[in-house]
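Residue numbers (the numbering used here), protein chains in the order written: chain A, 16 to 337; chain B, 16 to 337. Worksheet for the structure shown next.
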């Protein structure tokens, strides 16, 4: 069997929802294996139908319990759900995510729920790209809803979050103070704010604080999406129907505002394109040169401060360009 | 005054340790302002003397208190210290870092201590590059020790950590379970392990667990650095002298093993070069094309799944290469 027809068989399997074939491809994406690319290209056109939701927030606010509840609600509505848990912090919190998956056990036996953790296992870079590609795989498989839960909180995770059309930011009572102090960036990140653990003291105050912040933010015009601020107690199942309503409202908004939905889709495309381009450019210019004395000399010159990285990078790009 | 001579004046100011000039440049690096580059290039050769230490670990283990203690010890030894607090999570934990800086107040009045927070304020990507450049600025200023404290835990932060020649991984009692569950990557990240909050139950067990993990790791030969595992109670100042001894031992090791030190320096150079190259490649290919109909069509095609990102990125790179 030729390589391309075997690749097409794999693609067909993924497009028909084959969980094993998809898992194999996601593993190769995690590993940064370039041989996965023909397959990624092949399945790309098969996607675009899934609803993507990112669930993010600091550790300890109950994101996994919220995810569990959301999955339960979507299943009750007859939707098939994939959960991608993005955990770039595995060196630090690998145990936590393991526990999460155990907690999600009740969905593990449901064939209409697919749960996959995503880590990059010490490899440097490319988490946003790898997560984006994993979402493409899940999308091609035909899941109705793709829920992306970030475990780490950091730069790369913010980039991951931007790949979803709906972003839920979960906070715990008191976290509002932190937001207040930071502000920058938060307004654009979330489409739905959730103060979880709402039975705790300060939940009302935190919700109010977020409302005020949103109110003080720039006016985006009458047609802009207005992020609701909700309170939930996910462990007890309280407030979950409100959260589902907010997500449905977001979907209705995207459908009734095709220009806004398209602009968001283009922004996501821009990010995926940029990440892909960076990876390819680095591979073309640096890839496979590790053993070359000339390349080692460049590294030695930068290390010894005989040359700065910009000058070296410019020269490498110029000579690669021909 | 011509632009280049004004740039040289700025460079001279930074090389002489001018805090205001350095702060201005770091701000421009944070903002991703390309006009900062001539200055970065100019000061690059002035660096290379500072000792760089990264202090990392999950939230809540007491990194800031450890940093405060380390600064105190270095100052007592007559060393001038810069602290770069890398906080990519500002939308989430901005309050925390604000508190940290207040806690470090006692060093704020010391002219031989420079404290700077680094965030990227919602800008996507480039945190590792920006942090690397900020370290270059501090290095050029002539600080003896540059302490890099990461606040976020995630992919980008691991990359930041790799830019230091000595990496201290701080954990709290009990975190060892998580490490045990994850293993992957951790062995290479840290040169010194610290179990802080050592008065808490389980500290001894956590330390033992890390020791065992290190023991089970691959044998790196008789000349390899052997990471010590220490216990500290930073708030009470306990164990700090042991930590300083471990750092000194690491420095002595790097001096007595120039090949190992050089290999590490080249690995750091490789990372900085790769990050810089990715940034420049994306700028050359995508930068300034936002308004072009042709570029918007590419984004629309990717968004509508008419073309996959790899094919588009390859074509863009090919045509940019000429």
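Where is the CB? At the ideal position from N, CA and C, for every residue including glycine.
Please identify the residue among the options whose C-alpha is closest to the C-alpha of residue i.
{"i": "residue 178 of chain B", "options": "B:317, B:279 and B:309", "result": "B:279"}
{"i": "residue 43 of chain B", "options": "B:95, B:152 and B:123", "result": "B:152"}
{"i": "residue 286 of chain B", "options": "B:175, B:268 and B:159", "result": "B:175"}
{"i": "residue 56 of chain B", "options": "A:322, A:277 and A:330", "result": "A:322"}
{"i": "residue 131 of chain B", "options": "B:161, B:25 and B:26", "result": "B:161"}
{"i": "residue 69 of chain B", "options": "B:39, B:165 and B:157", "result": "B:165"}
{"i": "residue 128 of chain B", "options": "B:329, B:88, B:144 and B:253", "result": "B:88"}
{"i": "residue 248 of chain B", "options": "B:77, B:48 and B:51", "result": "B:77"}
{"i": "residue 284 of chain A", "options": "B:318, B:83 and B:310", "result": "B:318"}
{"i": "residue 58 of chain B", "options": "B:41, B:66 and B:263", "result": "B:41"}
{"i": "residue 126 of chain B", "options": "B:143, B:95 and B:147", "result": "B:95"}
{"i": "residue 296 of chain B", "options": "B:217, B:332 and B:142", "result": "B:332"}
{"i": "residue 304 of chain A", "options": "A:274, A:189, A:83 and A:335", "result": "A:335"}
{"i": "residue 97 of chain A", "options": "A:274, A:75, A:220 and A:133", "result": "A:133"}
{"i": "residue 274 of chain B", "options": "B:240, B:209, B:301 and B:256", "result": "B:240"}
{"i": "residue 316 of chain B", "options": "A:306, A:326, A:281 and A:327", "result": "A:281"}
Please classify residue i as buried or exposed, where buried requires at least 16 other C-beta atoms within 10 Å of its C-beta.
{"i": "residue 265 of chain A", "result": "buried"}
{"i": "residue 92 of chain A", "result": "exposed"}
{"i": "residue 154 of chain B", "result": "buried"}
{"i": "residue 123 of chain A", "result": "exposed"}
{"i": "residue 212 of chain A", "result": "buried"}
{"i": "residue 236 of chain A", "result": "exposed"}
{"i": "residue 308 of chain B", "result": "exposed"}
{"i": "residue 233 of chain B", "result": "exposed"}
{"i": "residue 227 of chain A", "result": "exposed"}
{"i": "residue 49 of chain A", "result": "exposed"}
{"i": "residue 299 of chain B", "result": "buried"}
{"i": "residue 197 of chain A", "result": "Only weak support exists for where residue 197 of chain A lies, its pLDDT of 43 falling under 50; the value from the coordinates is given anyway. Buried is the call here."}
{"i": "residue 62 of chain A", "result": "buried"}
{"i": "residue 83 of chain A", "result": "buried"}
In chain A, which residues lie with their C-beta within 8 Å of the C-beta of residue i?
{"i": "residue 277 of chain B", "result": "315 and 318"}
{"i": "residue 66 of chain B", "result": "Near residue 66 of chain B there are no residues of chain A at all, since even the closest Cβ is about 15 Å away, more than 8 Å."}
Against residue i, what residues of chain A qualify as contacts under a CB-to-CB distance less than 9 Å, listed in chain order?
{"i": "residue 51 of chain B", "result": "Ordered by position in chain A, no residue passes the 9 Å Cβ test against residue 51 of chain B, which lies about 10 Å from the chain."}
{"i": "residue 63 of chain B", "result": "318, 319 and 320"}
{"i": "residue 60 of chain B", "result": "320, 321, 322 and 323"}
Grouping DSSP H, G and I as helix and E and B as strand, with all else coil, what is residue i?
{"i": "residue 228 of chain B", "result": "helix"}
{"i": "residue 66 of chain B", "result": "strand"}
{"i": "residue 132 of chain A", "result": "strand"}
{"i": "residue 163 of chain B", "result": "strand"}
{"i": "residue 274 of chain B", "result": "helix"}
{"i": "residue 71 of chain B", "result": "strand"}
{"i": "residue 209 of chain A", "result": "strand"}
{"i": "residue 41 of chain A", "result": "helix"}
{"i": "residue 326 of chain B", "result": "helix"}
{"i": "residue 312 of chain A", "result": "helix"}
{"i": "residue 287 of chain B", "result": "helix"}
{"i": "residue 247 of chain B", "result": "coil"}
{"i": "residue 92 of chain A", "result": "coil"}
{"i": "residue 97 of chain B", "result": "strand"}
{"i": "residue 76 of chain B", "result": "coil"}
Going along chain B in order, which residues have a C-beta closer than 7 Å to the C-beta of residue i?
{"i": "residue 328 of chain A", "result": "288, 291, 292 and 295"}
{"i": "residue 284 of chain A", "result": "314, 317 and 318"}
Rounded to the nearest angstrom, what separates residue i and residue j at their Cα positions?
{"i": "residue 272 of chain A", "j": "residue 246 of chain A", "result": "27 Å"}
{"i": "residue 244 of chain A", "j": "residue 46 of chain A", "result": "38 Å"}
{"i": "residue 107 of chain A", "j": "residue 222 of chain B", "result": "Low per-residue confidence applies at residue 107 of chain A: pLDDT is 42, beneath 50, and the placement is therefore not dependable, though the value from the model is reported in the following sentence. Each residue's Cα considered, the two are about 15 Å apart."}
{"i": "residue 156 of chain A", "j": "residue 28 of chain A", "result": "9 Å"}
{"i": "residue 184 of chain B", "j": "residue 294 of chain A", "result": "29 Å"}
{"i": "residue 163 of chain B", "j": "residue 145 of chain B", "result": "13 Å"}
{"i": "residue 313 of chain A", "j": "residue 150 of chain A", "result": "37 Å"}
{"i": "residue 251 of chain B", "j": "residue 188 of chain B", "result": "16 Å"}
{"i": "residue 263 of chain A", "j": "residue 320 of chain B", "result": "24 Å"}
{"i": "residue 289 of chain A", "j": "residue 257 of chain B", "result": "46 Å"}
{"i": "residue 350 of chain A", "j": "residue 86 of chain B", "result": "Residue numbering for chain A in the displayed model covers 16 to 337; residue 350 of chain A lies beyond these limits and cannot be assessed."}
{"i": "residue 219 of chain A", "j": "residue 254 of chain A", "result": "14 Å"}
{"i": "residue 23 of chain A", "j": "residue 292 of chain A", "result": "24 Å"}
{"i": "residue 100 of chain A", "j": "residue 31 of chain A", "result": "23 Å"}
{"i": "residue 325 of chain A", "j": "residue 142 of chain A", "result": "24 Å"}
{"i": "residue 330 of chain B", "j": "residue 26 of chain B", "result": "39 Å"}
{"i": "residue 267 of chain A", "j": "residue 276 of chain A", "result": "11 Å"}
Listing by chain order, which chain B residues have their CB less than 8 Å from the CB of residue i?
{"i": "residue 299 of chain A", "result": "332"}
{"i": "residue 55 of chain A", "result": "323 and 325"}
Taking C-beta pairs closer than 9 Å, name the residues in chain B that residue i reaches, listed in chain order.
{"i": "residue 161 of chain A", "result": "Chain B residues near residue 161 of chain A: none, gap ~15 Å exceeds 9 Å."}
{"i": "residue 281 of chain A", "result": "311, 314, 315, 317 and 318"}
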